[in-house]
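Numbering-wise (the numbering used here), the sequence shown opens with residue 190 and increments by one.
Don't be surprised by glycine CBs; every beta carbon is placed ideally from N, CA and C.
Because the structure is a prediction, the values reported are computed rather than measured.
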Amino acid sequence: MQAVAVRKENTIIFGLVALAAIVLLGYMYMNAPAFFRVNNLVNVLVQTSVLGLLAMGMSFVLIGGGIDLSLPAILAFSAIIGVIAMQTTQVAMLGPIMMLAIGAALGAFNGAAVAYFGMAPFVVTLATMTVVGGASVWITGSQSVSGYPPVFDDVIRFRLLNLPMLVWITAVITAVATAIIAKGAYGRQIKAVGLNPRAALIARMDVKRLVLSTYVLSGCFAAITGVFLVARLGSASANLGNDSLLLDIISACVIGRVSIYGGIGNPLHAVLGALFVTLISNSMNQLGASYFASLILKGVLIIIFVYLDQALRRKA
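Structure (structure tokens):
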């Protein structure tokens, strides 16, 4: 019954979000037709893919009952280490391997601190964000790092049907991640942990291992995003993990009905939320609106959707 109620509520909320998106697109058609140029639409898909990968990583943690504030910092740090490794060895394949290793290791640290040492997710990931962010600035001296083998860019920037490889890979990862959460035993287990960890423990689920795994996956998603951002920008810097990125990630998740209270959501919804957030950012940029106005709007959306989530849970 609860699952049916959640699906019904999701349908209503996604209908409202879709209506808002249609109204926004109609407004853009009338006032900023340049929004619909092919180059800009491709840019929207690329930005959605970047934010969508990070939102998927966050969705695993949120569904499992946690939160990861360190995603942008892990992205930047893993990208920096990966670029330095390629720069030093001139071996292109070493970069993605190092980035994934760093992302997984930092995710494992967060997960172990939360699952095995009982530390609060907010505090642990905030500390990781601060330490790793500081390390990124210290290592780079607030400068960009580059000088890696050109073959890295050639492979990652490959286009299929005029769409960057990032868009295609994000689509594949979204399909796989959504299937795991919606249909797989792992997805059912982390939802159970997110809804009621005590009941999951009584049901003999390995709660600690499951919580740990969500943070490892989150770190890996951050690292994968770093791989594509490095190829897109041609360098890595501490600014890859800017402050507004975390706001966008959380906005994408809550708009996509990934509950911050745990146990509800799936990666596809997080990506759809990322698309809506990207439409807002791109539209306001096309209209010449202030960057701070965009931040205010996203903050208001977070408050509205968290309130809706809480109200619907109370009703259920």
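| Check | Outcome |
| --- | --- |
| For T414 versus L243, is the C-beta distance shorter than 7 Å? | yes |
| Over what stretch of residues does the alpha helix (DSSP H) that includes A221 continue unbroken? | Looking at the DSSP string, A221 is not in any alpha helix (DSSP H), and its letter there is neither H nor E. |
| Where does V334 sit, in a helix, a strand or coil, going by DSSP? | strand |
| With a CB to CB cut of under 6 Å and the five nearest residues on each side skipped, what residues in its chain are close to G204? | none |
| Hey, would you say P456 sits closer than 7 Å to T363, going by beta carbons? | yes |
| Taking 7 Å as the cut-off, decide whether the C-beta atoms of A294 and G430 are in contact. | no |
| What does the alpha-carbon distance come out to for the pair Y480 and V416? | 26 Å |
| Can you check which of these residues, P261, T319, I328, is closest to A274 by C-alpha distance? | I328 |
| Around the Cβ of N351, are there at least 16 other Cβ atoms within 10 angstroms (buried) or fewer (exposed)? | exposed |
| Ends of the alpha helix (DSSP H) at L401? | 396-422 |
| Which same chain residues, not among the five before or five after A411, have their C-beta less than 7 Å away from its C-beta? | L243, G246, L260, I263, L264, S267, G292 |
| Can you give me the C-alpha to C-alpha distance between G307 and L315, rounded to a whole angstrom? | 15 Å |
| Please list the terminal residues of the continuous alpha helix (DSSP H) segment that includes S472. | 456-475 |
| So if DSSP puts L349 in a beta bridge, which residue, or which two residues, is it bridged to? | L352 |
| Output the distance between the C-alpha atoms of L435 and I493, rounded to the nearest integer angstrom. | 18 Å |
| Under the assumption that A304 contacts V400 (Cβ atoms under 8 Å), give the Cβ distance between them as a whole number of angstroms. | 4 Å |
| Is it the case that the Cβ atoms of V356 and S238 are separated by a distance below 7 Å? | yes |
| Out of curiosity, what's the CA-to-CA distance linking V313 and A297? | 12 Å |
| Where does A425 sit, in a helix, a strand or coil, going by DSSP? | strand |
| Should M282 go down as buried or exposed, given a rule of 16 or more other Cβ atoms within 10 Å for buried? | exposed |
| Would you decide whether G373 is buried or exposed? Buried here means 16 or more other CB atoms lie within 10 Å of its CB. | exposed |
| Please list the terminal residues of the continuous alpha helix (DSSP H) segment that includes D593. | Because the chain here runs from 190 to 505, residue 593 falls outside it and cannot be looked at. |
| Can you list, in chain order, the residues of its chain with a C-beta nearer than 7 Å to that of F465? Leave out the 5 residues immediately preceding and following it. | V206, A210, I444 |
| With distances taken from CA atoms, which of L422, G462, S448, S426 is nearest C437? | Reading the sequence as shown, one finds Asp at residue 437 and not Cys. When each option's Cα is compared against that of D437, the closest is G462. |
| Short of 7 Å in beta carbon distance, which residues of its chain neighbour V382, apart from the five on each side in sequence? Order them along the chain. | G253, G254, A389, M394, V396, L399, V400 |
| If you measure between the beta carbons of L251 and I491, is that distance less than 7 Å? | no |
| L230: buried (16+ other C-beta within 10 angstroms of its C-beta) or exposed? | exposed |
| Can you list, in chain order, the residues of its chain whose CB lies under 6 Å from that of P285, leaving out five sequence neighbours each side? | V416 |
| Can you check whether the CB of Q276 is closer than 7 Å to the CB of Y216? | no |
| Exposed or buried, what is L208 when buried is set at 16 or more other beta-carbons lying within 10 Å of its beta-carbon? | exposed |
| From A309 to I256, what does the alpha carbon distance come to, in whole angstroms? | 9 Å |
| Buried or exposed, going by whether 16 or more other CB atoms sit within 10 Å of the CB of S331? | exposed |
| Would the beta-carbon of C409 fall within 7 Å of that of S248? | no |
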